[in-house]
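One structure is given here, and the rest of the page talks about it.
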Amino acid sequence: MMRFTLPRDMYYGKGALEQLKNLAGKKAILVLGGGSMKKFGFVDKVISYLDEAGIETMLFENVEPDPSVETVMKGAAAMREFEPDWIIAMGGGSPIDAAKAMWTFYEYPETTFEELIQPFSFPTLRQKARFIAIPSTSGTATEVTAFSVITDYASGIKYPLADFNITPDMAIVDPELAETMPAKLTAHTGMDALTHAIEAYVSTLNSPFTDPLALKAIQMVFDYLPDSFNGDMDAREQMHYAQCLAGQAFSNALLGIVHSMAHKTGAAFSTGHIPHGCANAIYLPYVIKFNSKDAESRYADIARSIGITGSDRSCVMSLCDLIEGYNMKLGIPKSLKEFGIDEEEFKEKSARIAELAVGDACTGSNPRPISVDEMEKLLHCTYYGTNVAF
């Protein structure tokens with residue numbers, strides 16, 4: 002038996018934020034990132050709509066990129082003091098991911114972080130509050146997923162938390178918020194969305210329910226990402242929807258080792274933090290070549306869905322070439338070395354990173370099994386930009 006879970010309600014389109022004035026409740030905590038939502042007036046809009054609904058609002062601000070365990074615990078403590086019946090997270094993936102974890106510790110203070118990193122082990126939520134997610138970036142799709150990524154900076158490890166309990170009750174996908182993204186963030190989040198959709202399509206848990214969502218998202222990303230990157234707001238709107246479709250697919254089909262590698266390398270190197278979407282974009286062509294030994298026909302399906310023709314093998318290679326071409330257009334490096342990761346530090350840490358990546362929650366649904374030795378070889382290919390031939 003399999004499961005397909007999405008938010009109960011999704012409101013989308015320009016001005017969808019106004020739906021907040023129709024909420025029924027007493028108190029809401031608004032979880033935010035670094036300040037862009039305030040700067041562009043969206044926080045004032047949210048507070049105004051909640052005032053209209055008769056809901057008292059408290060702000061929890063300054064969730065950092067790649068939110069930490071410490072921030073999650075501070076937010077949960079603030080929630081326990083304020084006692085909201087709505088948790089509203091607005092911004093990029095970081096405040097939404099953080100708020101999902103905060104929600105759990107608000108309702109279950111005795112729970113430990115170590116318990117939550119076991120996939121699908123969360124206690125039953127919605128005992129005290131319901132959850133609304135409002136994305137301002139077009140990549141993570143955390144507004145519709147059962148996932149959250151939290152970083153333990155003491156160890157430098159990102160932990161993907163996975164449980165259908167943390168799927169939001171409501172997603173508000175208003176493209177006006179995405180108009181504020183700078184070009185680099187547009188590039189990284191767009192390639193993150195593409196990775197979500199491709200990994201969902203080839204996942205061992207793909208299904209007739211997730212495949213159409215994944216393929217449509219892939220088509221839309223290839224159609225709209227370059228123009229979105231160059232500031233076309235109509236394309237930016239379509240990318241906001243594309244990433245949400247990708248999220249609906251991967252939340253139910255799960256992901257693969259592109260994400261396993263990104264989770265374990267993002268905060269691992271002192272010589273440079275690798276933004277999540279950038280890491281995914283770098284790793285994606287290498288992983289496709291590795292996985293194609295067991296999933297060639299699925300990747301060929303993707304290639305044909307965007308107009309590539311030929312044998313399965315040639316379709317897969319053309320798909321990789323196309324992704325590498327998009328990375329080049331978007332200013333994304335081809336390798337970790339080109340990104341700027343120190344070679345000696347990489348060599349020192351690659352074996353441990355490989356071990357952690359194989360143990361990541363996303364590895365289990367990858368279409369080709371991978372050993373620690375193979376993962377280390379694959380990481381070396383991504384570092385030096387060499388071909389994957391094993």
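Remember, my numbering sits 1 above the position in the sequence shown when you count from 1.
We put the beta carbon where it would ideally sit given N, CA and C, even for glycine.
Since this is a predicted model, take the numbers as computed values, not measurements.
Pick helix, strand or coil for residue i, following the three-state DSSP scheme.
i           : result
residue 348 : helix
residue 1   : Residue 1 lies beyond the stretch modelled for the chain, which goes from 2 to 391, so this question has no answer here.
residue 32  : strand
residue 258 : helix
residue 230 : helix
residue 1   : The requested residue 1 does not occur in the structure, where the chain is confined to residues 2 to 391.
residue 153 : strand
residue 111 : coil
residue 273 : coil
residue 123 : coil
residue 363 : coil
residue 84  : coil
residue 20  : helix
residue 336 : coil
residue 389 : coil
residue 222 : helix
residue 353 : helix
residue 118 : coil
residue 167 : helix
residue 369 : coil
Can you tell me where the beta strand (DSSP E) holding residue i begins and where it ends?
i           : result
residue 158 : 158-163
residue 60  : 57-61
Could you tell me if residue i is buried or exposed, where buried requires 16 or more neighbouring beta carbons within 10 angstroms of its beta carbon?
i           : result
residue 58  : buried
residue 251 : buried
residue 322 : exposed
residue 169 : buried
residue 154 : exposed
residue 366 : buried
residue 43  : buried
residue 344 : exposed
residue 25  : exposed
residue 132 : buried
residue 166 : buried
residue 98  : buried
residue 329 : exposed
residue 38  : buried
residue 237 : buried
residue 119 : exposed
residue 184 : exposed
residue 45  : exposed
residue 128 : exposed
residue 138 : buried
residue 61  : buried
residue 372 : exposed
residue 361 : buried
Inspect the beta-carbon positions of residue i and residue j and report whether they are closer than 8 angstroms.
i           : j           : result
residue 222 : residue 290 : no
residue 106 : residue 70  : no
residue 180 : residue 234 : yes
residue 340 : residue 283 : yes
residue 386 : residue 335 : yes
residue 164 : residue 114 : no
residue 354 : residue 379 : no
residue 141 : residue 368 : no
residue 32  : residue 96  : yes
residue 382 : residue 258 : no
residue 396 : residue 190 : Residue coverage of the chain in this structure runs from 2 to 391, which leaves residue 396 outside it and unanswerable.
residue 47  : residue 18  : yes
residue 218 : residue 11  : no
residue 288 : residue 300 : no
residue 281 : residue 224 : no
residue 346 : residue 271 : yes
residue 161 : residue 148 : yes
residue 151 : residue 102 : yes
residue 293 : residue 304 : no
So the alpha helix (DSSP H) residue i belongs to, where does it begin and stop?
i           : result
residue 2   : Premise fails: residue 2 is in no alpha helix (DSSP H) and is neither H nor E.
residue 196 : 184-203
residue 383 : 373-385
residue 292 : 277-306
residue 343 : Counting along the chain, residue 343 falls outside any alpha helix (DSSP H), and DSSP gives it neither H nor E.
residue 328 : 313-330
residue 51  : 43-53
residue 208 : Counting along the chain, residue 208 falls outside any alpha helix (DSSP H), and DSSP gives it neither H nor E.
residue 40  : 37-40
In this structure, what does DSSP give as the bridge partners for residue i?
i           : result
residue 91  : 135
residue 172 : 11 and 134
residue 69  : 152
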